[in-house]
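full-length UniProt numbering numbers the first residue of the sequence shown as 1 and each following residue consecutively.
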Amino acid sequence: MLYGLPPFYSRNTAEMYDNILNKPLQLKPNITNSARHLLEGLLQKDRTKRLGAKDDFMEIKNHVFFSVINWDDLINKKITPPFNPNVSGPSDLRHFDPEFTEEPVPNSIGRSPDSILLTASVKEAAEAFLGFSYAPPVDSFL
Numbered sequence: 001m002l003y004g005l006p007p008f009y010s011r012n013t014a015e016m017y018d019n020i021l022n023k024p025l026q027l028k029p030n031i032t033n034s035a036r037h038l039l040e041g042l043l044q045k046d047r048t049k050r051l052g053a054k055d056d057f058m059e060i061k062n063h064v065f066f067s068v069i070n071w072d073d074l075i076n077k078k079i080t081p082p083f084n085p086n087v088s089g090p091s092d093l094r095h096f097d098p099e100f101t102e103e104p105v106p107n108s109i110g111r112s113p114d115s116i117l118l119t120a121s122v123k124e125a126a127e128a129f130l131g132f133s134y135a136p137p138v139d140s141f142l
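If you want it as C-alpha cells, here you go:
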C-alpha cells in the first residue's frame, strides 16, 4: 500500500525470490525520505542490521515514518481508519481484485506432499506398536 508493487516483484515466483536474494534494493525516486529509510531498514538483506533486529518492535515504532501516529490512541481504538470498507458480510469480496478471488483453491491447501507422507508414516509406525506402552521409572526424573 505504501509503494505499489513490492520492490523485488516479478510474476515469476522463482525470479522474484532470486531478486530478493541477489538484487540490490531499488526504490522509486518519488518516495519520501522517511518511507525510503523505513523500506531500506525493513528490507535489509543482513538480518542483524535489519530495522527491528536490535530493539524489536520498539525500533520500528520509533522510526520517523511512524512519528505522526499517536500509539496510545491507536491501541485504544480512538483513531478513525483512513479506509473503512463497507461490506455486507464475510463473503463480500467486492474490495478484492477478481484476479485473486477467481483463482481455484487447491485441494491440499495447507498440506504439502511431504506432510502427507509424514502423516502416513507416523500412522504406520503407531500401528506397529499397538498395545505397547512405556513410562520411565519415577526416579529417572530426579
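Note that the Cβ used here is the ideal one computed from N, Cα and C, for glycine as well.
Just the Cα atoms here: how many angstroms apart are residue i and residue j?
i: residue 31; j: residue 37; result: 10 Å
i: residue 6; j: residue 77; result: 29 Å
i: residue 45; j: residue 51; result: 11 Å
i: residue 70; j: residue 8; result: 31 Å
i: residue 80; j: residue 74; result: 9 Å
i: residue 67; j: residue 49; result: 21 Å
i: residue 87; j: residue 93; result: 8 Å
i: residue 102; j: residue 29; result: 34 Å
i: residue 15; j: residue 98; result: 24 Å
i: residue 62; j: residue 107; result: 43 Å
Just to confirm, are residue i and residue j a CB contact at a threshold of 8 Å?
i: residue 40; j: residue 21; result: no
i: residue 35; j: residue 2; result: yes
i: residue 82; j: residue 95; result: no
List the endpoints of the continuous alpha helix (DSSP H) containing residue i.
i: residue 35; result: 33-42
i: residue 61; result: 56-61
Pick from the options: whose alpha carbon is nearest that of residue i?
i: residue 33; options: 64, 4 and 23; result: 64
i: residue 27; options: 42, 58 and 105; result: 42
message: Please give me, in chain order, every unbroken run of the alpha helix (DSSP H) with length at least 4 that falls completely inside the stretch 45-109.
response: Complete alpha helix (DSSP H) runs here, min 4: 56-61, 71-75 and 98-101.
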